[in-house]
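**Q** Heads up: the sequence shown begins at 33 in the working numbering, then just goes up one per residue.
First the structure, which I've put down as C-alpha cells, then a few questions once you've had a look.
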Amino acid sequence: MQDRELAQYLVKENLVVKDRMQKAIEMQKTIGGSLGQILVKLGFITDEHLSKAVARAEGLPFEDIGDLILPQALINSIPRDIIEKHQVIPIHRDEDSITLAVTDPLDVEAIDEITFLTGKRVGTVMASKEQIRRAITRFYYDEEGGESSLLGEAGTATIGGEAVPQWKLKQALIPLLIEKGIITEQEILAKAKEL
C-alpha cells in the first residue's frame, strides 16, 4: 500500500485525524521513511492498529502472533537470515503450502524467495511489526542464548562461530536500526545530546 493510499484510508476510517496526518506527512518530507512508522513513532496510531488497518485495506486476514507456538520443523524451514531480511515468520505449513505472517503483504521479493527456497506455495497474513520482531527473537535466537549472550568476554562476540570485535557490532548497529525503520537519525542525535 502506497503512503498516499494509506493516509487516505486512515483518515477515511477515522483512525488518524486530518491535522495529525498532515503533521506526519510534513515530517516524512523532512526526514524520509515510512509514513506508517512515522505515525506510530508520533503516537498517532499503534503498530497493531496500523497493521490491522493495512490488512483490512488489502483484504488480508490479521493474525495476532503474540502467543504463537511453532514446531521446530516449521522454524527450521526458512533460514534465519531470510526471516530477518524480510521480517516474516512462518506460522503454518502443510504438504504444498506455507503461510507467513508479514508486515508488508506486497513484498513480492520475500514471497518469491521463500517460494523458491521451500518449493511451496506461499500464503500471507498480516501481523504487527512489533509482534514479528518479538517472534523472530523468541524463535530464532533463544536457543542460542538470545541477544543478551551475544557479547562475550574481552570485547568480542561470536556470531556463526566467528569472533567479531564489539566495536564493529556497535558501529553496525545504528545504520541497521535506521535501515529497518526502528529509529531515525534525529532520535539518535537527541539521545546523544541527553548523555
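A virtual CB, placed ideally from N, CA and C, is assigned to each residue, including glycine.
The model shown is predicted, which means the values in this text are computed figures rather than measured ones.
Contact between the segment 55-65 and the segment 105-125 is defined here as three or more beta-carbon pairs at a separation below 8 Å; is this criterion met?
**A** No, they do not touch.
**Q** Along the chain, where does the alpha helix (DSSP H) that runs through A159 open and close?
**A** Here A159 belongs to no alpha helix (DSSP H), and DSSP marks it neither H nor E.
**Q** May I ask you to list the residues that DSSP assigns as paired with V49?
**A** Paired residues: none, contrary to the question.
**Q** What does the Cβ neighbour count give for F148, buried or exposed, with the cut at 16 atoms within 10 Å?
**A** With fewer than 16 other Cβ atoms within 10 Å, it is exposed.
**Q** Tell me the rounded alpha-carbon separation between I32 and I164.
**A** The structure shown does not extend to residue 32, since the chain spans only 33 to 227, so no value can be given for it.
**Q** Report the CB separation of G65 from G213 in whole angstroms; it is logged as a contact under 8 Å.
**A** Right, their Cβ atoms sit about 6 Å apart.
**Q** I'd like to confirm the pairing. Which residues does DSSP put opposite P122 in its beta bridges?
**A** Answer is L132.
**Q** Per DSSP, what kind of secondary structure is L76 in: helix, strand or coil?
**A** Per the sequence shown, the amino acid found at residue 76 is Phe instead of Leu. Correct three-state label for F76: coil.
**Q** Can you name the start and end residues of the alpha helix (DSSP H) that L106 belongs to?
**A** Element bounds for L106: Q104 to N108.
**Q** Do you know how far the Cα of L67 is from the Cα of G151?
**A** G151 and L67: Cα-Cα distance of roughly 34 Å.
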